[in-house]
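Everything below concerns the one structure shown next.
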Amino acid sequence: MQQNVFTLLKERGFVKQSTDEEGIRELLSGSPITFYAGFDPTADSFHVGNLALIMAMSHLQRAGHRAIALLGGGTALIGDPSGRTEARPMMAQETIDANSARLRLQLAQFLTLDEEERGMLLDNALWLCEARYIDFLREVGAHFRVNEMVKTETYRERMERGEGLSFLEFNYQLLQAYDYLQLFHKYRCVLQIGGSDQWGNMIAGVDLVRRKERKLVYVFTIPLVTAAGGKKMGKTAAGAVWLDAEKTSPYEFYQYWINVDDGDVERFLLLFTFLPAEEIRKLASAQGAALRDAKARLAFEVTTLVHGEAEAKRAREGAHAAFGGGEDGDASAVPTITISRTRLAQGIPIVDLLVETGLSASKGAARRLIAQGGVSIGGATISSPDAIMREKQLLDNNAFLLRAGKRRYHRVVVENGAHSR
RNA sequence: GCGCAGGUGGCAGAGCGGUCAAUUGCACGAGACUGUAAAUCUCGCGCCUUCGGGCUACGGGGGUUCGAAUCCCUCCCUGCGCACCA
């Protein structure tokens, strides 16, 4: 007998609020239902902050339910009211299309999107862009009480803090509620899941369906996953941790997970891997330095999910090469730049290398870093900001590891060609 | 439209004619300690530099002044109040 998915999701930490826990549990234990979750196509890739929701969808789909990933192409088109140029809306349409195409590929790694029984990808532009204002107001607007809306947390907060609220923003809730109504009509969709910050909008959808159709539909939210210290998930100094290998290499992705706080290991294993709960508990029960093994497992599993096993192995090898101390490990996964041998023959200021590898944002920052003793090559600390890298300093003759701080590495490969970058 | 209060570094928020590249807190980075963790302590945190200094910055533009983030004008933006909606 299989465990109820909802119970499973709850145990793994995916459930924060819900309209009716028992109702949802029951709903999910019966014959397959259709559920959806919305995503904003404002970027051309998901990042780890989106991953929990995707994982939750995957769990539901594995349990036999039909998934709808709804891209907010329509809502995104309206966009941020504070930015304004004439050309922008037209651009946005193209960008949104391009983004959607890429997001779709990413979703397909986690979900079966056969456009039929198992799952599908939709875009709310389909109905929102066609909606006509008067019709929309009569059909949807009539069911919303402004005095009620104003009382909800999101809006009330904004107004109390004296930040004001534009009519455009005020409408978001209606648009999202309308999504639910549409999906209910077209696909008998009866469950929505989303980030807990979306609670208000999701509830609005439930209310709309009830008022218009007198049918009960459900929602539950997933906690906004934060790293220890309340930080938003997936934010590093370099920016977000993306799922797209072009934006965040598998090695960097792997490193992100290796570097999570001790206190996050168990929670993250439950949320971001499919390992059985008992196994996770065992892994995470390790104390002290032994917990690194659990982190390594976490990093490997998540990297495998996102980038495939081969890349995960390479990333792990890269980590061994950089942090293992010895010669073992294949460093090829470590971020790499190439420089020409002729250029190296003339000597390259270390400061320049730091900037070119992106380890430092500017020469000034690079100098400071060196002055603070934060830079080393092949284990030897660079002592002078004016240090020059010369050919004879190469240990083996075609590559070396440049280290900035304790955990950032970049590999520099020397090529015989005349080119450099 | 009128009146009032504001627009300062990633954020919050000082400064209100020179000593301001700009107090402070958060965030971030490095070092020490460690376990590629946390906490703690110390340092750093616009860009360039031949390390003397140079350059660009306090919503945009213009002005006053030897000198402006600081004063004046104007425009834009935000919030609050009032009015308009005959």
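Numbering-wise (our numbering), the first sequence opens with residue 430 and increments by one.
Every residue, glycine too, gets a C-beta built ideally from N, C-alpha and C.
None of these values were measured; they are calculated from a predicted model.
Asked                                                                                                                                  : Found
Beta bridge counterpart(s) of tryptophan 671 as assigned by DSSP                                                                       : His476
Environment of serine 812 [buried if 16+ CB atoms lie within 10 Å]                                                                     : exposed
Three-way DSSP call (helix, strand, coil) for phenylalanine 464 in this model                                                          : strand
Arginine 587 to leucine 540 span [Cα, whole Å]                                                                                         : 36 Å
Proline 814 to alanine 800 span [Cα, whole Å]                                                                                          : 6 Å
Outcome for glutamine 775 when other beta-carbon atoms lying within 10 angstroms are tallied against a minimum of 16                   : exposed
Endpoints, beta strand (DSSP E) assigned at arginine 726                                                                               : Where arginine 726 is concerned, there is no enclosing beta strand (DSSP E), although the alpha helix (DSSP H) it sits in stretches over 720–736.
Outcome for asparagine 553 when other beta-carbon atoms lying within 10 angstroms are tallied against a minimum of 16                  : buried
Whole-number beta carbon distance between phenylalanine 443 and isoleucine 651, since they are thought to touch under 8 Å              : 5 Å
Distance, phenylalanine 701 Cα to alanine 715 Cα                                                                                       : 19 Å
Sequence ranges, alpha helix (DSSP H) only - wholly within the segment 674–717, length at least 4                                      : 679–687, 694–701, 706–713
Contacts around glycine 493, its chain only, beta-carbon distance under 8 Å, and the 5 residues preceding and following it disregarded : Pro461
Contact set for glycine 834: own chain, Cβ-Cβ below 6 Å, skip 5 residues either direction                                              : Gly803
Option nearest glutamate 546 by Cα separation, candidates Tyr562, Ile483, Cys618                                                       : Cys618
Nearest-angstrom Cα separation, counted from histidine 476 out to leucine 823                                                          : 37 Å
Touch test, the segment 600–610 against the segment 623–642, Cβ-Cβ under 8 Å, three pairs minimum                                      : yes
Beta-bridge partners of tyrosine 838, as assigned by DSSP                                                                              : Arg832
Other residues of its chain near tyrosine 616: CB distance less than 7 Å, five sequence neighbours each side excluded                  : Thr463, Ile497
Inter-residue CB distance, leucine 783 and arginine 837 (contact presumed, cutoff 8 Å)                                                 : Their Cβ separation, rounded to whole angstroms, is 10 Å, which puts leucine 783 and arginine 837 out of contact at 8 Å.
Residues bridged to aspartate 552 [DSSP beta-bridge criterion]                                                                         : Leu500
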